[in-house]
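Contents: one structure, followed by commentary.
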Amino acid sequence: MNVGVYTFDQKGRGGFYLAYQDAFEGHLKPERSEQSILYQNLGGGKFKDVSQEMNLQHRGWSGDASFCDLNQDGYPDLYVLNMQGDDKYYENDRGQRFVEKTAAYFPKTPWGAMGIKFFDYNLDGLIDLYVTDMHSDMTEAQTKVGKTDFSTAFEKAKSEAWCSIEFTDAFLQGASNNIFGNAFYQNQGKGVFVEVSDKIGAETYWPWGISVADLNADGYEDVFVTAGMGYPFRYGINSVLLNEHGRRFVDSEFVLGVEPRKNNRIEKEYFALDCSGEDKNHPLCYHKQGRVGVTGSISSRSSVLFDLDDDGDLDIVTNEQNDHPMVLISNLSEKKQIHYLKIKLVGTVSNRDGLGVTVKVYSGSKTYTRYHDGKSGYLAQSSMPLYFGLGDAAKIDRIEVNWPSGKKQTLTERIPTNTLLTITEDR
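At position 159 of the sequence shown (counting the first as 1) the number is 712 in the working numbering, and the numbers step up by one without a gap.
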């Protein structure tokens, strides 16, 4: 996917390319947009642009995308985000072409989408879709540093971008089919999706990417959402949404110690001005002399979830904007006995990493479904092994693996738990 042109070729004093003053209006200028490209892997380290022949000539300010076989025909379909406009869903017509079918599945999409993840949040065997919307939170009323409403109600509310002074109807380019905030599409089966983000508590403030994994090993996958914009805007918390048995998500970032950050550190120096020299006319140099450091809020951009210390529970590593990463180590395995299984997939006929595989783990009355896309966070990737929390169950009855090649494998004997299991595709 491609976004568009934000900057000139000219660099400023700091060595960075200079931005257009109207960069946030780039979606209104077709000459600045860039077409996304589909590359077919030919093998031998060679790729071919097949966008035109596959009918996938997508244009939009698209910062991320993901794939999933939603119609379960064995061919991965594609959902492409648009951070300033309508998202697009393209159905894969048996590997011959892509057909745009957004309205049929998702008649309303977020206007400012930034993060995406397919997963089965309620263990019904159907893959749901979670999309976070960051750009709708960029109106002046919601972003100004002096804003005093930091209540839970504000953090969980949809944006009012559609009625703001800055976001006119011309700027939005028609908004009747848009959601101004996060969207959670619950899969009802037979191609029907219902948007339930407010009902299940999936709205967050100023979000970027989504990382999904079972943080408390109860069998239901939880969500970590990075957030914030940095200078010159207010601080936005990273969200931990614990999955309450597929009924709703519960805000848990403060309970688990993810927020507030260590030593309550929420700001840093972004740059310095020479107020006695060439920056003396800068507004931030008013009544000031010498070097003046300018601070701004810290923000997280992306994250990965994996068992960093190999103790059976999942840890979090974040990528920060102009700052060092955070490494958040879970002590869940020290607090209680947990049951889990990690599965590493090795393709032989299918791709080596097993991307596009659907794995079902059956344990007692529960069926845990994972679609292996390797995706985590914003433009990031988690460790390849799939993680299955098993709750109180200490035994797995069987595992079913559906490979992209069409091959299916079933394991029923001597299935281990609390370890890493490698499953290699049958030739």
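Ideal placement from N, C-alpha and C gives every residue a C-beta, glycine not left out. These figures come from a predicted structure and were not determined experimentally.
Quick one: what does DSSP say residue i is sitting in, helix, strand or coil?
i: G762; result: strand
i: Q828; result: Per the sequence shown, the amino acid found at residue 828 is Cys instead of Gln. If DSSP states are grouped into helix, strand and coil, C828 belongs with coil.
i: G699; result: With a pLDDT of 49 at G699, under the threshold of 50, the predicted position of this residue should be treated as unreliable, though the coordinate-derived value follows. DSSP places G699 in coil when its eight states are reduced to three.
i: P938; result: coil
i: P969; result: coil
i: P583; result: helix
i: K919; result: strand
i: Y643; result: strand
i: S792; result: strand
i: P785; result: coil
i: A656; result: helix
i: D906; result: coil
i: D686; result: strand
i: I753; result: helix
i: P981; result: Past the boundaries of the shown model lies residue 981; the chain is included only from 554 to 980, so the question cannot be answered.
i: K743; result: coil
i: E873; result: strand
i: N594; result: strand
i: D523; result: The structure shown does not extend to residue 523, since the chain is modelled only from 554 to 980, so the question has no answer here.
i: E708; result: helix
i: K815; result: helix
i: K888; result: helix
i: L676; result: coil
i: L964; result: strand
i: F807; result: coil
i: E774; result: coil
i: E748; result: strand
i: E797; result: coil
i: E578; result: helix
Name the DSSP bridge partner or partners of residue i?
i: D868; result: F859
i: L898; result: I976
i: T560; result: A572
i: E822; result: T848
i: Y924; result: T911
i: L631; result: F620 and Y643
i: I732; result: P663
i: T779; result: None, per the DSSP bridge assignment.
i: A933; result: S929
i: M879; result: T871
Can you check whether the CB of residue j is closer than 8 angstroms to the CB of residue i?
i: K641; j: G613; result: yes
i: I680; j: Y924; result: yes
i: H580; j: G638; result: yes
i: T692; j: S729; result: no
i: N731; j: K661; result: yes
i: K670; j: V765; result: yes
i: E708; j: T757; result: yes
i: Y658; j: G744; result: yes
i: E587; j: N555; result: yes
i: G799; j: Y823; result: no
i: Q610; j: K601; result: no
i: K845; j: L861; result: Lys is not the amino acid found at residue 845; the sequence shown has Val there. No.
i: H684; j: L634; result: It is Val, not His, that sits at residue 684 in the sequence shown. Yes, the pair counts as a contact, with Cβ atoms nearer than the cut-off.
i: S792; j: D804; result: yes
i: R647; j: D622; result: no
i: L591; j: S604; result: yes
i: I869; j: L881; result: yes
i: L943; j: T970; result: yes
Since residue i and residue j are thought to touch, with beta carbons under 8 angstroms apart, how far apart are those beta carbons, to the nearest angstrom?
i: L939; j: I896; result: 5 angstroms
i: Y521; j: D950; result: Here the chain covers residues 554 to 980 and nothing more, so residue 521 does not appear.
i: G734; j: D686; result: 5 angstroms
i: A780; j: S856; result: With a Cβ gap of about 10 angstroms, A780 and S856 do not count as contacting.
i: Y788; j: I819; result: 5 angstroms
i: T977; j: T901; result: 7 angstroms
i: L867; j: S850; result: Contact flag wrong, Cβ pair sits at about 27 angstroms.
i: D778; j: L768; result: For the record, residue 778 in the displayed sequence is Val; it is not Asp. Going by Cβ atoms, the distance from V778 to L768 rounds to 13 angstroms, so no, they are not a contact pair.
i: Y643; j: L682; result: Actually they are not in contact, since the Cβ atoms of Y643 and L682 sit about 14 angstroms apart, beyond 8 angstroms.
i: G754; j: R801; result: 5 angstroms
i: Q874; j: R905; result: Not really, about 33 angstroms apart at Cβ, beyond 8 angstroms.
i: S918; j: G927; result: Contact doesn't hold; Cβ gap of about 29 angstroms is too wide.
i: G762; j: A933; result: 7 angstroms
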